[in-house]
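Trainee:
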Amino acid sequence: MSIPVPPQDLARVAAGYGSATLITLPASGFAKVLTVDPDIAPEGTITIANPSKSTTANLAANSHATLVWQPRERHGWTLIVDGHASLTEEGKIVVVPKSGMLHRPAAHADGPKPPIEP
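Take the sequence shown: its letter number 100 is residue 97 in the working numbering, and every next letter is one higher.
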């Protein structure tokens, strides 16, 4: 089951999670996976400080980025955000969300209620 999460709700929903996983892709090759502690603005823009060199290199070749927050409890909801990323002059990553969703498989329906209404 998937529940859309609008950008303006991302900060509130993500507050119930811990660190996120940032996934970037190079022009060719394998994904880069990095644990991050993003800041989310009220309108949904996501800022990530201190990215790795390989992550910034990936974003220079391909601006697509995905952030994944794993649930804290068994059979909870995974928060997934896809967006376009860019680098600031200060070297931070800024992700503008294209889509956000809460997801969990039907087999986990015995888990907690979603943090927002479907």
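Ideal placement from N, C-alpha and C gives every residue a C-beta, glycine not left out.
#1: When you compare the CB positions of ALA58 and ALA106, do they come within less than 8 angstroms of one another, or not?
#2: Compare the C-alpha of GLY41 against each of ALA12, ARG71, SER(-1) and ALA28 and name the closest.
#3: Where in the stretch 23 to 61 do unbroken runs of the alpha helix (DSSP H), each at least 4 residues long, occur, reported from the N-terminal end onward?
#4: Pick helix, strand or coil for ALA11, following the three-state DSSP scheme.
#5: Enumerate in chain order the residues of its own chain whose CB-to-CB distance from ASP36 is below 6 angstroms, with the five nearest sequence positions on each side excluded.
Mentor: On the basis of the data shown:
#1: no
#2: ALA12
#3: 50 to 58
#4: helix
#5: THR44
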